[in-house]
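Notes to accompany the following structure.
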Amino acid sequence: MTNAISSSLHQTFSRSTIANSLAGKSVVTLDDISTAQIRMLLDKARYIDSHRKEVAHTCDGRVLATLFYEPSTRTRLSFETAMLRLGGKVIGFAGAQLSSASKGETVNDTLKVVSNYVDVVAMRHPKEGAAFVATQAVSTPIINAGDGGHMHPTQTLADLATILARFGRLNNLTVGLCGDLTYGRTVHSLIETLCRFGNVHFVLISPDELKTPQYVIDRINDTPSCTYEETRDLMEVIGKLDVLYMTRVQEERFTDREQYLRLRDTYILTEEKLQKAKSHMPVLHPLPRINEISVDVDDDPRAAYFEQVKNGMLMRMALESSVLGDELCGYEPTDFVNVPEDE
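In my numbering, the protein residues as written are 188 to 530.
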């Protein structure tokens, strides 16, 4: 009995420590938080989804700043809705031209001003590494909402939640990633994070001009239980995939418009092509899509990209409340929250 009580207290203490250790923390990449903390966020998001009223005052009196130096619809509105649903408020701008950046103000100066008004900042910027630089300027928690072609951690949290909902696990999967794998920051974040859960085979599908960066390949190679293959032919491999992650070819990342136009239509997923895929294979996409997924796929039960949108809001609610140190009313961690031996 004593051992059982001791074990229970240890688990409770460990879980409390995991949750509280995110308070005041910036999240530039998911490497900034532990695998146990990712599990905790996934668990919190599931709780939030079924307890909307209970969590509606979690962040009363808090203010989020959304500083978006690049255009965004889903990500910005998702961050803002997340804070509003938690009872907080939002200020910010939706483009550099709408801020003092258009007058020449630096990101650091903007942050030093805005941090006096708010409790947490969500920032998107076209330059890789901008989010990390922001964390050096202020002590207010910074959440990276996308920095150039580098990382997009909160989209990855949405992706993980969607995969988990479909399979009940985040490992022992064959995951295909298709399209722009060079500039696709969501792809980079997802690969690096899935490597932490192990036993994933990545199928990297892209034209030669848009292959996966070497630093991402290195991450796979450094994970003994993970493997990868590269191909240009989606239809050659679609039948063996458990998950297909489609991405658009991003015009804004190209300096050569002719190259963009040549590559833009390389992969277009249709309902006809999906007939060769597994019946349970979810199709994910970070959105916005252009034409890489035909609208006739939308009614297929394997289409999971609008499900990702909902999961993105829930995960951002979990993350925002956690970095603020605000506890969700009534939340108790489930058995899904485990601390790995090596953490």
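Just so it is clear, CB atoms sit at the ideal spot from N, CA and C, and this is done for glycine as well. As the structure is a prediction and not an experimental result, all values here were calculated from the model.
Checklist entry - Hey, would you say Cys382 sits closer than 7 Å to Thr410, going by beta carbons? => result In this structure, Cys382 lies near Thr410, with their beta-carbon atoms less than 7 Å apart.
Checklist entry - At which residue ranges does the segment 488-515 contain complete alpha helix (DSSP H) runs of 4 or more residues, listed in the order of the chain? => result You should have 492-510.
Checklist entry - CA-CA distance, Leu428 and Val215? => result Leu428 and Val215: Cα-Cα distance of roughly 30 Å.
Item to check | Residues near Arg311 by beta carbon distance below 7 Å, same chain, minus five either side | outcome: Once the five neighbours on either side are set aside, the close Cβ partners of Arg311 are Phe255, Tyr256, Glu257, Ser259, Thr262, Ala332 and Gly333.
Checklist entry - Taking C-beta to C-beta, are Thr341 and Arg503 nearer than 7 Å? => result Against a cut-off of 7 Å, the Cβ pair of Arg503 and Thr341 comes out as a contact.
Next on the checklist: Quick check: what's the CA-CA separation for Thr453 versus Val305?
Outcome noted: The alpha-carbon separation between Thr453 and Val305 amounts to approximately 44 Å.
Item to check | Whole runs of the beta strand (DSSP E) within the segment 235-276, excluding any shorter than 3 residues | outcome: For the segment 235-276, the full-length beta strand (DSSP E) segments reaching 3 residues or more read 250-255 along the chain.
Item to check | C-alpha distance - Ala191 paired with Pro520, whole-angstrom precision | outcome: Only weak support exists for where Ala191 lies, its pLDDT of 44 falling under 50; the coordinates are left without a value.
Checklist entry - Taking buried to mean at least 16 other C-beta atoms within 10 Å of its own C-beta, is Phe389 buried or exposed? => result Burial call: buried.
Checklist entry - What are the boundary residues of the alpha helix (DSSP H) that includes Asp296? => result First-last of the alpha helix (DSSP H) with Asp296: Val294 to Val301.
Item to check | 7 Å Cβ cutoff, Gly499 in contact with chain C | outcome: Protein chains in the displayed structure number just one, and chain C is not present.
Checklist entry - Where does Gln462 fall in DSSP's three states? => result Residue state, collapsed to three classes: coil.
Next on the checklist: Am I right that Arg419 and Glu479 are in contact with their C-beta atoms under 8 Å? What's the rounded C-beta distance?
Outcome noted: In this structure, Arg419 and Glu479 do not form a Cβ contact; the two beta carbons are roughly 15 Å apart against a cut-off of 8 Å.
Next on the checklist: Strictly by DSSP, which residues pair up with Gly363?
Outcome noted: According to the DSSP secondary-structure assignment, Gly363 is paired through a beta bridge with Val390 and Leu431.
Checklist entry - With 16 other CB atoms within 10 Å as the buried threshold, where does Met422 fall? => result Its Cβ having fewer than 16 others within 10 Å, Met422 is exposed.
Next on the checklist: Considering just the uninterrupted stretch of the alpha helix (DSSP H) at Asn408, what are its terminal residues?
Outcome noted: From DSSP, the alpha helix (DSSP H) with Asn408 extends over Gln401 to Asn408.
Checklist entry - If we call anything under 7 Å between Cβ atoms a contact, is Ala490 one with Leu471? => result Cβ distance not < 7 Å, so Ala490 and Leu471 don't count as in contact.
Checklist entry - Rounded to the nearest angstrom, how far is the Cβ of Pro469 from that of Thr373, given a contact under 8 Å? => result Not really, about 15 Å apart at Cβ, beyond 8 Å.
Next on the checklist: On the CB-based measure, 16 or more other CB atoms within 10 Å of its CB, does Ser376 come out buried or exposed?
Outcome noted: The C-beta of Ser376 has 16 or more other C-beta atoms within 10 Å across all chains shown, which makes the residue buried.
Next on the checklist: For the segment 499-519 against the segment 245-253, do three or more pairs of beta-carbon atoms, one drawn from each stretch, fall closer than 8 Å, so that the two count as touching?
Outcome noted: Contact between the segment 499-519 and the segment 245-253 is present, because at least three Cβ pairs lie under 8 Å.
Checklist entry - In this structure, does DSSP put Gly378 in helix, strand or coil? => result The residue asked about is misnamed: residue 378 is Ile in this sequence, not Gly. When secondary structure is reduced to three states using DSSP, Ile378 falls in the helix class.
Item to check | Proximity below 7 Å, CB of Val307 to CB of Leu251 | outcome: Contact flag set, yes.
Checklist entry - Since Asn358 and Phe384 are thought to touch, with beta carbons under 8 Å apart, how far apart are those beta carbons, to the nearest angstrom? => result Contact flag correct, Cβ pair sits at about 5 Å.
Item to check | Same chain only: Cβ atoms within 6 Å of Lys276, ignoring 5 sequence neighbours per side | outcome: Non-local beta-carbon contacts of Lys276 in its own chain, meaning distances under 6 Å to residues more than five positions away in sequence, involve Val250 in chain order.
Checklist entry - Where does Glu423 sit, in a helix, a strand or coil, going by DSSP? => result Helix, per DSSP.
Checklist entry - Less than 7 Å separating the beta-carbons of Ile425 and Ala464? => result If you check the CB distance, Ile425 and Ala464 come in under 7 Å.
Checklist entry - Out of Ile477, His467 and Asp219, which has the shortest C-alpha to C-alpha gap to Leu533? => result A query on residue 533 cannot be resolved here, the shown segment of the chain reaching from 188 to 530 and no further.
Next on the checklist: Run through the DSSP bridge pairs and tell me what Phe523 is partnered with.
Outcome noted: BP columns for Phe523 are empty, so no partner.
Next on the checklist: Give me, in chain order, the residues of the same chain whose beta-carbon lies closer than 6 Å to that of Ser393; leave out the 5 immediate sequence neighbours on both sides.
Outcome noted: The beta carbon of Ser393 sits closer than 6 Å to the beta carbons of Leu368 from its chain, once the five residues preceding and following it are set aside; these are given in chain order.
Next on the checklist: With distance defined between alpha-carbon atoms, name the residue in Glu315, Ile378 and Glu459 nearest to Cys413.
Outcome noted: Out of Glu315, Ile378 and Glu459, Ile378 has the C-alpha closest to the C-alpha of Cys413.
Next on the checklist: Counting C-beta neighbours from all protein chains within 10 Å, is the total for Val484 16 or more, i.e. buried, or is it exposed?
Outcome noted: With a 10 Å radius around the Cβ and a threshold of 16 neighbouring Cβ atoms, Val484 comes out buried.
Next on the checklist: Determine whether the beta carbon atoms of Ala309 and Ile278 lie at a separation below 7 Å.
Outcome noted: For Ala309 and Ile278, no; Cβs fall outside 7 Å.
Item to check | First through last residue of the beta strand (DSSP E) which encompasses Val174 | outcome: The chain is shown from 188 up to 530; residue 174 falls before or after that span and cannot be answered.
Item to check | C-alpha distance - Gly274 paired with Asn303, whole-angstrom precision | outcome: Straight-line Cα distance between these residues: approximately 20 Å.
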